[in-house]
Amino acid sequence: MKGNLNLIIEESRTLKAIARNWAFCFLIFFIVIFSFTGKGFLSIVNFQNIIHLSVIAIFMAAAETFVIITGGIDLSVGFVMGLSSVTAGKIIQILFAAGNLSVGAILLTGSVIALVVSLIPGLISGIMIARFKVPPFIATLGMWGITNGIALKICKGFPVASLPDELTKIGNGYTIYYKEGSGISWFSLPAGIANDQIREYLRLIPISFILLFIVIFILRHILNNTTFGQHTYAIGGNEDAAIRSGINVQKHLIKIYMLSSFIAGMAGVFNVFQTGIGNFTTFGAMYELFAVAAVVIGGASLLGGKGRLLASVVGVLLIAVLENGLLISGVEPFYRYIAVGLLLILAIVIDQLFPDLF
Amino acid sequence: MSYLIETRNITKRFGGLVAVNNVSFGVNPGEVVALLGDNGAGKSTLIKMISGVYPNDGGDILYNGEVVKIHTPMDALANGIETIYQDLALAENLNVYSNIFLGREKTKKRLGLFPVLDHGYMYDESVGILKKLDIKIPSLRNNVRTLSGGQRQAVAISRSIYWNAKVLIMDEPTAALGVAQQKQVLDLVNSLKGHGIAIILISHQMHDVFEVADRICVMRRGELVGNLVKKETTTEEIVSLIVGSETVQ
Numbered sequence: 289m290k291g292n293l294n295l296i297i298e299e300s301r302t303l304k305a306i307a308r309n310w311a312f313c314f315l316i317f318f319i320v321i322f323s324f325t326g327k328g329f330l331s332i333v334n335f336q337n338i339i340h341l342s343v344i345a346i347f348m349a350a351a352e353t354f355v356i357i358t359g360g361i362d363l364s365v366g367f368v369m370g371l372s373s374v375t376a377g378k379i380i381q382i383l384f385a386a387g388n389l390s391v392g393a394i395l396l397t398g399s400v401i402a403l404v405v406s407l408i409p410g411l412i413s414g415i416m417i418a419r420f421k422v423p424p425f426i427a428t429l430g431m432w433g434i435t436n437g438i439a440l441k442i443c444k445g446f447p448v449a450s451l452p453d454e455l456t457k458i459g460n461g462y463t464i465y466y467k468e469g470s471g472i473s474w475f476s477l478p479a480g481i482a483n484d485q486i487r488e489y490l491r492l493i494p495i496s497f498i499l500l501f502i503v504i505f506i507l508r509h510i511l512n513n514t515t516f517g518q519h520t521y522a523i524g525g526n527e528d529a530a531i532r533s534g535i536n537v538q539k540h541l542i543k544i545y546m547l548s549s550f551i552a553g554m555a556g557v558f559n560v561f562q563t564g565i566g567n568f569t570t571f572g573a574m575y576e577l578f579a580v581a582a583v584v585i586g587g588a589s590l591l592g593g594k595g596r597l598l599a600s601v602v603g604v605l606l607i608a609v610l611e612n613g614l615l616i617s618g619v620e621p622f623y624r625y626i627a628v629g630l631l632l633i634l635a636i637v638i639d640q641l642f643p644d645l646f
Numbered sequence: 002m003s004y005l006i007e008t009r010n011i012t013k014r015f016g017g018l019v020a021v022n023n024v025s026f027g028v029n030p031g032e033v034v035a036l037l038g039d040n041g042a043g044k045s046t047l048i049k050m051i052s053g054v055y056p057n058d059g060g061d062i063l064y065n066g067e068v069v070k071i072h073t074p075m076d077a078l079a080n081g082i083e084t085i086y087q088d089l090a091l092a093e094n095l096n097v098y099s100n101i102f103l104g105r106e107k108t109k110k111r112l113g114l115f116p117v118l119d120h121g122y123m124y125d126e127s128v129g130i131l132k133k134l135d136i137k138i139p140s141l142r143n144n145v146r147t148l149s150g151g152q153r154q155a156v157a158i159s160r161s162i163y164w165n166a167k168v169l170i171m172d173e174p175t176a177a178l179g180v181a182q183q184k185q186v187l188d189l190v191n192s193l194k195g196h197g198i199a200i201i202l203i204s205h206q207m208h209d210v211f212e213v214a215d216r217i218c219v220m221r222r223g224e225l226v227g228n229l230v231k232k233e234t235t236t237e238e239i240v241s242l243i244v245g246s247e248t249v250q
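Top to bottom, those sequences are chains A and B. The numbers in this note's numbering rise by one with no breaks, and the one at position 157 of the first sequence is 445. The numbers in this note's numbering rise by one with no breaks, and the one at position 160 of the second sequence is 161.
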């Protein structure tokens, strides 16, 4: 039976495309279903919200995609994000209180330092994994604890507040504000409009989309079109072959974990802009596990060698649409976990049934 | 006589154990030399010294009549000595031409700035090398996972030849293959001869050895106990050399 099914799918290009992108088909399917069941689900504003609130999860999944393709796992991304967030927050807070620099310079300094700091956990776990052959699970679990501890130490267990208002204006801002009669205004509300009038305006293309688009475009380019990406797949497919082909596998793995950590750091900086405070990652957030789930739903294999960046993004959006759609349709939020669990199992089953498709 | 690759009195010790003892042998261009011997006879160790996996403790390796230092696999590759291991060292999740270019990918500049993989070039070059060696593979864009054992062997071999292998070391190339695929691989070995490649073949299958080898070297307990021209020997003689009831110099 399995053989027959495989053969049928092998024969037909359309079926093959559907089987390969089943997560995307599910995404469309759920959007259609929720459009009927949830009032207000099918609207540009709601879709913008779903994506805007998924930016961090998408970054996490992108980071995890690179690591999982090499056959590893990075459990530290969630707390690296927290570390980066409180680091940026603390620096911005101190500089803002001192008041010597312009707000732009303050935000830039805080962001850059936080991004540089976020490279360090990846460097350490990368060295542990590549040089000392520590299993990725353990090395990044170590970093999971360490980065969490350091983040809590920096912020003393409280979110870093009293930051400039410009943060959220950028982080939650839109490219286009439109109101019938008063025309289009770019990047900010027209002057003299009070904040409580904001609802009268149609807000399009959150600024976060631009960041998201650029980051995903670059990462996808790296993974699909460069030697770096090719070697990432090769290491996941057959590490021995990669070594014998003259690829410096140790160096490459260190770079991979640094990249993953850096992307998590970007998520942390973005988090400061989105919320206006430096947040430590709470213990129950489980960003790393949802990221792994999204990547696997996107068709990657934890054994390595397989995975696509855009498919991982689809994995995140699938989880986000489920969450949003169930909520709007009035279903109790607990079902979200059940739905994600079922999707995960489905992903593995599909992968087992059609190993040659991906 | 000028061999393309030659060892002179080469020796390898592991602690007190002499794995390879004073072995001298050589291969001419376009010649297939089969290396036979029981398990533990020292065949693999000898091969690994030539391919740079183990540095030799004594003796010399000569390439084209000149002494060369081969201490790492990279040294061997630089001298055109390529090894096809039993597990083939292919990334099964990548397609055929990506495997041929693995680790040595061809890139081009996009917008004059960013280096990107030049898929077109790699594809065309791979088609060329497969055609030259008369290898038929359905599509070079298919993952290696979808190929048969013989086709994978052919991919591994054509990768070596594309990267200018002059000496090809093959470790049990037919061991895991079906009958038809064994024949494909042996045909390929025969056609490589025509391209002037020196081939060292390790095999347990007497039938393969007699089909493609020009000369047969037999090792026993780290020593070379026989170096025979195929046409002048018989299976019985070879077997008795392997098990140790006879020595021919």
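A virtual CB, placed ideally from N, CA and C, is assigned to each residue, including glycine. Computed from a predicted model, the values in this text were never measured in an experiment.
Identify, in the order they occur along the chain, each residue of the same chain with its Cβ nearer than 7 Å to the Cβ of residue i, setting aside the five sequence neighbours on each side.
i: PHE384 of chain A; result: ILE394, LEU451, PRO452
i: ASN144 of chain B; result: GLU93, ASN94, LEU95, ASN96
i: ASN57 of chain B; result: ILE11, THR12, LYS13, MET50
i: VAL583 of chain A; result: ALA349, GLU352, THR353, ILE356, GLY595, SER600, GLY603
i: ILE510 of chain A; result: PHE516, GLY517
Over the uninterrupted beta strand (DSSP E) stretch that includes residue i, give me the two end residues.
i: ARG14 of chain B; result: 6-15
i: MET220 of chain B; result: 216-221
i: ALA20 of chain B; result: 18-28
i: ALA35 of chain B; result: 33-38
i: GLY471 of chain A; result: 471-474
Can you check DSSP and say which residues form a bridge with residue i?
i: MET171 of chain B; result: B:ILE85, B:LEU202
i: PRO116 of chain B; result: B:LYS110
i: GLU67 of chain B; result: B:TYR64
i: PRO494 of chain A; result: A:TYR462
i: ASN96 of chain B; result: B:ASN144
i: LYS467 of chain A; result: A:GLY471
i: GLY359 of chain A; result: Paired residues: none, contrary to the question.
i: GLY59 of chain B; result: B:THR12
i: GLY613 of chain A; result: Bridge partners of GLY613 of chain A: none, in fact.
i: GLY566 of chain A; result: A:VAL448
Return the first residue and the last residue of the alpha helix (DSSP H) that residue i is part of.
i: ASP76 of chain B; result: 74-79
i: GLU224 of chain B; result: Unbroken run through GLU224 of chain B is the beta strand (DSSP E), 224-230; no alpha helix (DSSP H).
i: GLY150 of chain B; result: 150-163
i: GLY572 of chain A; result: Here GLY572 of chain A belongs to no alpha helix (DSSP H), and DSSP marks it neither H nor E.
i: GLY524 of chain A; result: 515-525
i: ILE633 of chain A; result: 623-641
i: LYS539 of chain A; result: 537-563
i: ILE321 of chain A; result: 310-325
i: GLN183 of chain B; result: 180-195
i: GLU233 of chain B; result: No alpha helix (DSSP H) holds GLU233 of chain B; DSSP gives it neither H nor E.
i: PHE329 of chain A; result: Neither: PHE329 of chain A is in no alpha helix (DSSP H) and is coded neither H nor E.
CB-CB under 8 Å to residue i, same chain, minus the five flanking residues each way: which ones, in chain order?
i: ALA155 of chain B; result: LEU131, LEU134, ILE136, ILE138, GLN185, VAL186, LEU189
i: ALA345 of chain A; result: TYR575, PHE578, ALA579, ALA582, VAL604, ILE607, ALA608
i: ILE408 of chain A; result: SER549
i: PRO30 of chain B; result: LEU5, LYS167, GLY197, ILE198, ALA199
i: LEU547 of chain A; result: ALA351, PHE354, GLY410
Applying the criterion that 16 or more other CB atoms from any shown protein chain within 10 Å of the CB defines a buried residue, is residue i buried or exposed?
i: VAL219 of chain B; result: buried
i: THR353 of chain A; result: buried
i: GLY629 of chain A; result: exposed
i: ASN567 of chain A; result: buried
i: ARG596 of chain A; result: buried
i: ASP484 of chain A; result: exposed
i: ILE239 of chain B; result: buried
i: SER373 of chain A; result: buried
i: PRO494 of chain A; result: buried
i: SER25 of chain B; result: exposed
i: GLU83 of chain B; result: buried
i: GLY121 of chain B; result: exposed
i: TRP474 of chain A; result: exposed
With a threshold of 6 Å on Cβ separation, who are the neighbours of residue i within its own chain once the five nearest residues in sequence on each side are excluded?
i: PRO424 of chain A; result: GLY360, ILE361, ILE417
i: GLY27 of chain B; result: TYR4, GLU7
i: ILE48 of chain B; result: ILE170
i: PHE15 of chain B; result: none
i: GLY59 of chain B; result: THR12
State whether the segment 172-182 of chain B contacts the segment 203-218 of chain B, with contact taken as three or more CB pairs (one from each stretch) at a distance under 8 Å. yes
Would you call the segment 598-605 of chain A and the segment 542-558 of chain A in contact, with 3 or more CB pairs under 8 Å? no
Do the segment 324-343 of chain A and the segment 607-619 of chain A meet, that is, are 3 or more Cβ pairs less than 8 Å apart? yes
Indicate whether the contact test is met: 3 or more Cβ pairs, each with one atom in the segment 97-106 of chain B and one in the segment 150-168 of chain B, closer than 8 Å. yes
Report yes or no: do three or more beta-carbon pairs, one from the segment 75-92 of chain B and one from the segment 504-514 of chain A, lie closer than 8 Å? no
Touch check for the segment 221-228 of chain B and the segment 36-48 of chain B: three-plus C-beta pairs under 8 Å? yes
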